[in-house]
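I have placed the structure first, in the form of structure tokens, so that the comments after it can refer back to it.
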Amino acid sequence: MNKTIRRSAVFTLLLVLALLARATWVQFYEGQALADDKDNRRNAIEQYANPLGNIIVAGDAITGSARTKGSDLKYKRTYTDGSLYAAVTGYSSQVYGATQLEGIYQDLLDGTDTQLKTPLDTITDKRADPGDVVTTIDPDVQKAAYEALGDKKGAAVAIDPATGEILAVVSTPSYDPSRLAAGDSDAWTELTKDADKPMTNRALRQPLPPGSTFKLVVAAAALEDGLYADVDAKTASPNPYRLPDTTTDLANESASAPCENASIRVALQYSCNNVFAKMAVDLGQDKLRAQAEKFGFNDKTQDVPVRAYASVYPSDMDKSSTALTGIGQFDVTATPLQMAMVSAAIANDGKLVSPHMVARTSDSGGGVLTDYDDSTETKEIVSSSTAEQLRSAMQTVVEEGTGTNAKVSGATVGGKTGTAQHGENNSKTPYAWFTSYATSDSSDKSVAVAVLVEQSDAARSEVSGNGLAAPVAKAMMQAALKD
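If you're matching positions, the sequence shown starts at 42 in the working numbering and goes up one per residue.
Here it is, written out as structure tokens:
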């Protein structure tokens with residue numbers, strides 16, 4: 042054979058072998074990655090070829106599917122009361138993906154979850170009928186929070202202390218997920234560029250300074266450590282209290298409040314900064330951080346099942362910074378979920394049941410796939426004695442102190458207000474907080490809530506936990522306890 046022809050033949054054979062090798066690699070090694078690629082249109086076509094499963098609240102579907110026109114995607118997601126439940130459902134979009142419960146349970150809702158497959162489905166490789174997600178949300182509590190927040194920028198969470206079931210998750214301003222279902226680019230641009238960030242879940246994923254609501258954590262640490270014997274023991278708290286190693290005196294909201302050497306009960310009642318700042322220094326940052334972490338601070342894996350952003354108690358501080366953490370300032374941050382967990386543990390005799398907003402998942406026939414109510418974890422956060430004393434002191438706050446707007450007829454209510462500084466030198470409107478628990482006087486119902494009002498139309502001088510956040514908490518507690 043001619044030498045040139047032989048070389049050409051060998052070169053051509055090598056090219057063919059390289060092509061076969063590449064084709065084999067793509068088919069057997071990269072095939073699944075290509076199939077799963079978010080830009081693979083066939084995935085979206087298959088996902089939306091049939092109606093999706095639903096997210097359920099109190100037995101009713103708050104999601105649905107509608108037939109589309111003029112699209113290769115046959116169905117799109119629909120929402121009932123979308124703005125009301127957006128902080129729970131998230132969105133499922135043909136273009137922008139899925140978030141919150143829609144994203145976490147996407148495989149279940151579109152029928153690709155292997156738990157849904159029957160033996161016949163496995164043999165035929167047929168997509169199974171989709172399953173449903175059954176939530177713990179109470180529609181009355183959810184609506185009460187949403188309506189009470191109104192046009193305020195804020196968030197609210199309600200938890201059943203005995204079960205850990207999350208009864209409400211509300212974030213305002215909200216948005217209608219239906220606007221994103223078909224991939225409306227104008228709606229996407231509007232929502233993502235909105236300065237008020239309506240798609241941010243403020244209830245779970247925006248930690249902010251908790252202000253004086255954090256004093257409950259400080260009081261718990263002091264009682265657990267034995268720094269003070271009970272909530273009525275006098276503390277060693279000069280008024281004013283000079284921050285350690287500084288020339289700065291820490292002021293109280295009311296100059297006439299009886300805060301000098303006040304007991305924990307009185308200090309919570311009047312929200313005495315001097316008491317809790319000094320208490321934080323006396324305890325030391327390590328003991329205070331340990332107690333905060335028992336309540337859930339610094340937990341980067343808090344899933345409900347939506348991953349909540351970690352609430353933070355800082356480390357490596359000097360004494361003056363530690364003092365400021367005692368009043369929920371410096372670098373302390375918390376989500377409404379976290380502060381609701383604090384009240385829930387206190388209300389439940391010192392024990393925290395892991396919070397969750399999904400009760401179970403089910404197949405198309407209603408058969409239970411996973412029961413989350415049966416898989417909760419309970420941790421002792423404080424002793425029964427400490428919890429009882431804190432409940433008593435919190436009741437004083439509502440009955441005679443800074444939280445009177447949270448009183449609920451026919452119920453025992455305990456709470457704590459908070460007004461957290463915002464901006465350099467407190468130059469911006471403060472955040473208004475309220476966290477509380479309520480137990481019915483006529484039944485075994487109980488609820489723990491936390492409310493944050495980040496911004497409202499109220500004058501700066503009128504911003505307070507009692508004035509803005511407590512009425513929202515009251516509406517939620519009333520809804521949760523009603524017969």
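A virtual CB, placed ideally from N, CA and C, is assigned to each residue, including glycine. All of these numbers come straight from a predicted model, not from anything done at the bench.
- Judged by their CB atoms, Pro214 and Pro248 are not nearer to each other than the 8 Å cut-off.
- By the C-beta density criterion, Phe52 is exposed, having fewer than 16 other C-beta atoms within 10 angstroms.
- For the pair Ala262 and Gln332, the Cα-to-Cα distance works out to about 6 Å.
- Inter-residue distance for Leu324 and Tyr282 is about 16 Å (C-alpha atoms, whole angstroms).
- Sixteen is the threshold: when 16 or more other Cβ atoms of the shown chains lie within 10 Å of the Cβ of Ala521, as they do, the residue is buried.
- The count of Cβ pairs closer than 8 Å, one atom from the region 419 to 426 and one from the region 179 to 186, stays below three, leaving the stretches out of contact.
- Taking 8 Å as the cut-off, the beta carbon of Gly131 is found closer than this to the beta carbon of Thr140.
- If you draw a 10 Å sphere on the C-beta of Leu54, you find fewer than 16 other C-beta atoms in it, and that means exposed.
- Leu493: member of the beta strand (DSSP E) spanning Ser487 to Gln496, first to last residue.
- A residue is called buried when at least 16 other Cβ atoms come within 10 angstroms of its Cβ; Val439 meets this threshold and is buried.
- Counting along the chain, the unbroken alpha helix (DSSP H) around Ala521 starts and ends at Ala511 to Leu522.
- For Tyr126, the uninterrupted alpha helix (DSSP H) segment begins and ends at Gly123 to Thr130.
- For Gly105, same chain residues with a beta-carbon under 6 Å away, outside a window of 5 residues either side, are Thr119 in chain order.
- Between Ala514 and Ser477, the C-beta gap is smaller than 8 Å, which places the two residues in contact.
- Proximity of the region 309 to 321 to the region 385 to 401 falls short of the contact definition, fewer than three beta-carbon pairs being nearer than 8 Å.
- For Asp173, the enclosing beta strand (DSSP E) stretches over residues Asp173 to Thr176.
- The beta carbon of Gly252 sits closer than 6 Å to those of Gly369, Gly459, Thr460, Ala461 and Trp474, all from its chain and outside the five residues before and after it, given in chain order.
- Taking a 10 Å sphere around the C-beta of Leu61, we find fewer than 16 other C-beta atoms and assign the residue as exposed.
- In the three-state DSSP reduction, Ala298 falls in the coil class, being neither helix nor strand.
- The three-state reading of DSSP puts Gln156 in helix, counting H, G and I together.
- Spatial neighbours of Lys319 in its own chain (CB-CB distance under 8 Å, excluding positions within 5 residues in sequence) are listed in chain order as Thr276, Ala277, Ser278, Pro279, Tyr282, Ala364 and Gly367.
- A straight-line Cα-Cα distance of about 11 Å links Ala223 and Lys115.
- The beta carbon of Ala169 sits closer than 6 Å to the beta carbons of Gly152, Leu157, Lys158 and Asp162 from its chain, once the five residues preceding and following it are set aside; these are given in chain order.
- Taking the C-beta atoms as reference points, Arg306 is found nearer than 8 Å to Val272.
- For Ala400, the enclosing beta strand (DSSP E) begins and ends at Val399 to Ser403.
- Gly144: member of the alpha helix (DSSP H) spanning Gln141 to Ile145, first to last residue.
- In this structure, the straight-line span from the alpha carbon of Gln519 to that of Pro202 is close to 15 Å.
- Excluding residues up to 5 positions away in sequence, Lys193, Lys194, Gly195 and Thr470 lie with their Cβ nearer than 8 Å to the Cβ of Gln496 in the same chain.
- About 6 Å separates the Cβ atoms of Thr176 and Val129, confirming a contact at the 8 Å cut-off.
- A distance below 8 Å between beta-carbons, with the five flanking residues on each side excluded, links Thr241 to the following residues of its chain, in chain order: Ser212 and Gln247.
- A residue is called buried once 16 or more other Cβ atoms fall within 10 Å of its Cβ, and Asp179 is buried on that count.
- Collapsing the DSSP output to three states places Asp290 in a strand.
- Per the C-alpha coordinates, the member of Pro171, Thr288, Thr445 and Leu58 positioned closest to Val409 is Pro171.
- With fewer than 16 other CB atoms across the displayed protein chains lying within 10 angstroms of its CB, Asp359 is exposed.
- Around Asp148, the same chain offers Asp154 as residues with beta carbons nearer than 6 Å, after the five sequence neighbours per side are excluded.
- Exposure of Asp113 is indicated by the presence of fewer than 16 other C-beta atoms within 10 angstroms of its C-beta.
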